[in-house]
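Numbering (the working numbering), first residue to last: -16 to 606.
#1: I'd like to know whether the C-beta atoms of residue 284 and residue 215 end up nearer to each other than 8 Å.
#2: Count the other C-beta atoms from every protein chain shown that fall within 10 angstroms of the C-beta of residue 410, then say buried if there are 16 or more, exposed otherwise.
#3: Going by C-alpha distance, which of 33, 172, 550 and 221 is nearest residue 142?
#4: Can you round the beta-carbon distance between residue 550 and residue 526 to whole angstroms, since I take them to be within the 8 Å contact cut?
#5: Indicate whether the contact test is met: 3 or more Cβ pairs, each with one atom in the stretch 303 to 313 and one in the stretch 69 to 84, closer than 8 Å.
#6: Taking 8 Å as the cut-off, decide whether the C-beta atoms of residue 190 and residue 217 are in contact.
#7: Taking the C-alpha atoms as reference points, what is the distance between residue 582 and residue 412?
#8: Is the Cβ-Cβ distance between residue 407 and residue 346 less than 8 Å?
#9: Can you tell me which of the three DSSP states residue 588 falls into?
#10: What separation, rounded to the nearest whole angstrom, lies between the Cα atoms of residue 224 and residue 351?
#11: My output table needs one value for residue 611: the three-state DSSP class, helix, strand or coil.
#12: Count the other C-beta atoms from every protein chain shown that fall within 10 angstroms of the C-beta of residue 240, then say buried if there are 16 or more, exposed otherwise.
#13: Specify, as a first and last residue, the run of the beta strand (DSSP E) that residue 283 falls within.
#14: Residues bridged to residue 234 by DSSP?
#15: Alpha carbon to alpha carbon, how far is residue 313 from residue 380? Give it in angstroms, no decimals.
#16: For the alpha helix (DSSP H) that residue 304 lies in, which residues bound it at each end?
#17: When DSSP labels each residue in this structure, what does residue 472 get in the three-state scheme?
#18: How would you call residue 501, buried or exposed, if buried means at least 16 neighbouring beta carbons within 10 angstroms?
#19: Alpha carbon to alpha carbon, how far is residue 151 from residue 376?
#20: With distances taken Cα to Cα, identify the nearest neighbour of residue 69 among 89, 38 and 494.
#21: Output the distance between the C-alpha atoms of residue 449 and residue 91, rounded to the nearest integer angstrom.
#22: Would you call the CB atoms of residue 356 and residue 403 closer than 8 Å?
#23: What separation, rounded to the nearest whole angstrom, lies between the Cα atoms of residue 30 and residue 286?
#24: What are the partner residues of residue 18, as DSSP defines its beta bridges?
#25: What would DSSP say about residue 449, mapped onto helix, strand or coil?
#26: Can you give me the start and stop residues for the alpha helix (DSSP H) that residue 41 sits inside?
#27: Report buried or exposed for residue 488, applying the criterion of at least 16 other Cβ atoms within 10 angstroms of its Cβ.
#28: I need the boundaries of the beta strand (DSSP E) containing residue 225, first residue and last residue.
#29: According to DSSP, what are the bridge partners of residue 216?
#30: Hey, residue 292 and residue 60 are a contact pair by Cβ (cut 8 Å); roughly how many whole angstroms apart?
#31: Just the C-alpha distance for residue 162 and residue 186, rounded to the nearest angstrom, thanks.
#32: Where residue 552 and residue 478 are concerned, what is the direct C-alpha to C-alpha distance, given to the nearest angstrom?
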């Protein structure tokens, strides 16, 4: 049947009204609707992808029906969190679906919901219309689970198998996957668990985002290596050759007196021409793939591409990390370069440490500002170490002392008490007493330690400690927290001993000066035995200090590192960890404080420094 022109025009106009508008890409949606919140952004207001042009292709990969998995291995300060928020906003508004956002822990998932998702929902009208008010009594809206027309979003923790289970998911957004535990309880790898929730959806999307951690043990590195391995490349202002920002090509000049970077530029890998940051960033950039991969796109970014961090600031961060030791440099490589750190698992050389002992001209060498102590409880003795701390966590071993006796009898406890009350003097006669002590409570005398330490905590900062190690490579900070859940109500400090050992070993590896002759922070000094003084630093001490090494292990297909005891005696290493915990509990301003001591020829009471009102103390903050 023929249709006249009038009827055809009528049908065409109706089709225009009924037909949905063309679907936006994620970057187009963000540029149109997304609003940045003042509490989460230094640049609140309308989102502009042009501000960080490298994000456009990453976001649009979410809109590509041929792509199933997106991997982003990057530094900090490049907008990873905003990528996840833009993805959430897009699917809530444009393509409703069941979504799960996974953080390393449930606590972090709650914080993301409160601090990032709630402000975006409030400030982006198109999302606010779709999602229930966070303060409403709607049962579909809780802190970790929110519903909207056509879908819902669940915030989960990788450490909680129950939060990863029970519901089908089309969109998975996995944040900081390198911080996930190897297994969610006993259920297996968290990424595998949550990925299984997407199997019923032909149009699923799985986004893995993280700064990397340790080489060969990094989830994000492993996923990136199975992707297209794309790098953000910029054109050389001189020859036009596209290349990524590489640390090896960065050149800088540093003013040691002013302690600041004065000039930074990058040399072209092709023509060698050097140009400043503004010249490189003024040129066009694009993603260049190093491999082909079916349905998986991978992107690598470092801080040099960021519009929010200047090259001068990045170089200054490097200089600070370089003099602060291996742990600080490791963090810089991970968070600024977005690259993995190759862990050195070899054992420390006890001979090298023994041979670098030096002559102290007083109990307390010049440079020490404060003293701490650590006590290890054994069945027939206490092993005690006193350490001194100076600027930049420079460390001086003061004395290693053993007190033998039956720990069931009061005499040996009295001897310990008297030893910890004593003072040490510097070359001018100034008297130092111990400002914080950590005593091991994990042996056979837990209750005795609690009972003895309880009345001494408030007056002398003597704390029982309980070491914790996951044994599976899961990260715990050195100071995890405190507990009073014991019959004596003693304040027990929970320690992440793996992190403590890493800090101790990193300091032991730190040279006194770097290759330019500049003094390194955190160097460790040991005293030499003299005719009239043996401080306890003989061969057996150094054997114990080097009694553990970091070794690789594999669990559920995940490579991780654990500390393994290779020698029978490791008390010196444990005491070094407890002393490190003591100084971090005190948290003094070591760089700026005056030595915490009583001037020569003055009467000193052990409780003076720790019980004085805060305005009278010098250099101590924290506990």
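No residue lacks a Cβ here, since even glycine has one placed at the ideal position from N, Cα and C.
Please read these numbers as outputs of a predicted model, since none were measured by experiment.
Working from what's here:
#1: Here residue 284 refers to the residue found at position 301 of the chain shown. Here residue 215 refers to the residue found at position 232 of the chain shown. Their beta carbons are under 8 Å apart, which means residue 284 touches residue 215 by this criterion.
#2: Reading the chain shown from its first residue, position 427 is the one you call residue 410. The residue is exposed, with fewer than 16 neighbouring Cβ atoms inside 10 Å.
#3: If you number the chain shown from 1, residue 142 lands on position 159. Answer by Cα proximity: 172.
#4: One-based indexing of the chain shown puts residue 550 at position 567. One-based indexing of the chain shown puts residue 526 at position 543. Confirmed, about 6 Å.
#5: The answer is no - the stretch 69 to 84 does not touch the stretch 303 to 313, with fewer than three Cβ pairs under 8 Å.
#6: Position 207 of the chain shown, counting from 1, holds the residue named residue 190. Position 234 of the chain shown, counting from 1, holds the residue named residue 217. Between residue 190 and residue 217, the C-beta gap is not smaller than 8 Å, which leaves the two residues out of contact.
#7: Against the chain shown, residue 582 aligns to sequence position 599. Against the chain shown, residue 412 aligns to sequence position 429. One C-alpha to the other measures close to 7 Å.
#8: Taking the first residue of the chain shown as position 1, residue 407 is located at position 424. Taking the first residue of the chain shown as position 1, residue 346 is located at position 363. Yes, these two residues count as a Cβ contact at 8 Å.
#9: Residue 588 sits at position 605 when you count from the first residue of the chain shown. Any reading at residue 588 must be qualified, since the residue scores a pLDDT of 44, below 50, and its modelled position is unreliable; the value itself is stated next. Coil, per DSSP.
#10: Your numbering for residue 224 matches position 241 in the chain shown. Your numbering for residue 351 matches position 368 in the chain shown. Looking at the two C-alpha atoms, the distance is approximately 53 Å.
#11: Since the first and last residues shown for the chain are -16 and 606, residue 611 lies out of range.
#12: For the purposes of this step, residue 240 is identified with residue 257 of the chain shown, where counting begins at 1. Around the C-beta of residue 240, fewer than 16 other C-beta atoms lie within 10 Å, and the residue is accordingly described as exposed.
#13: On the chain shown, residue 283 is found 300 positions in, with the first residue counted as 1. Boundaries of the beta strand (DSSP E) around residue 283: 279 to 284.
#14: For the purposes of this step, residue 234 is identified with residue 251 of the chain shown, where counting begins at 1. Note: residue 234 sits in a beta bridge opposite 248.
#15: By 1-based counting over the chain shown, the position of residue 380 is 397. By 1-based counting over the chain shown, the position of residue 313 is 330. Taking the straight line from one Cα to the other gives about 25 Å.
#16: Working through the chain shown from its first residue, we reach residue 304 at position 321. Residues 294 to 306.
#17: Locating residue 472 in the chain shown gives position 489, where the first residue counts as 1. In this structure, residue 472 counts as coil in the three-state DSSP scheme.
#18: In the chain shown, counting from the first residue as 1, residue 501 sits at position 518. With a threshold of 16 other beta carbon atoms within 10 Å, residue 501 falls short and is exposed.
#19: In the chain shown, residue 151 corresponds to position 168, counting from 1. In the chain shown, residue 376 corresponds to position 393, counting from 1. Each residue's alpha carbon lies about 50 Å from the other.
#20: Residue mapping note: residue 69 aligns to position 86 of the chain shown, counting from 1. Closest by alpha carbon: 38.
#21: In the chain shown, counting from the first residue as 1, residue 449 sits at position 466. In the chain shown, counting from the first residue as 1, residue 91 sits at position 108. The C-alpha of residue 449 lies about 25 Å from the C-alpha of residue 91.
#22: Here residue 356 corresponds to residue number 373 of the chain shown, with the count starting at 1. Here residue 403 corresponds to residue number 420 of the chain shown, with the count starting at 1. Closer than 8 Å, so yes.
#23: As a position in the chain shown, residue 30 is number 47, starting the count at 1. As a position in the chain shown, residue 286 is number 303, starting the count at 1. Going from the Cα of residue 30 to the Cα of residue 286 covers about 20 Å.
#24: Numbered from its first residue, the chain shown carries residue 18 at position 35. For residue 18, the pairing in a beta bridge is given by DSSP as 29.
#25: Here residue 449 refers to the residue found at position 466 of the chain shown. Look at residue 449 here: in three-state DSSP terms it is strand.
#26: Position 58 of the chain shown, counting from 1, holds the residue named residue 41. DSSP places residue 41 inside the alpha helix (DSSP H), whose first and last residues are 37 to 44.
#27: By one-based count along the chain shown, residue 488 stands at place 505. That one is buried.
#28: In the chain shown, the residue the question calls residue 225 occupies position 242. In this chain, the beta strand (DSSP E) harbouring residue 225 covers 225 to 227.
#29: As a position in the chain shown, residue 216 is number 233, starting the count at 1. In the DSSP output, where bridge partners are listed per residue, residue 216 has 227 and 269.
#30: Taking the chain shown and counting its residues from 1, one reaches residue 292 at position 309. Taking the chain shown and counting its residues from 1, one reaches residue 60 at position 77. With a beta-carbon spacing of about 5 Å, residue 292 and residue 60 fall inside the 8 Å limit used to define contacts.
#31: As a first step, residue 162 must be located in the chain shown, where it is residue number 179. As a first step, residue 186 must be located in the chain shown, where it is residue number 203. The straight-line gap from Cα to Cα measures roughly 27 Å.
#32: The residue labelled residue 552 in the question sits at position 569 within the chain shown. The residue labelled residue 478 in the question sits at position 495 within the chain shown. Computed Cα separation, rounded: 20 Å.
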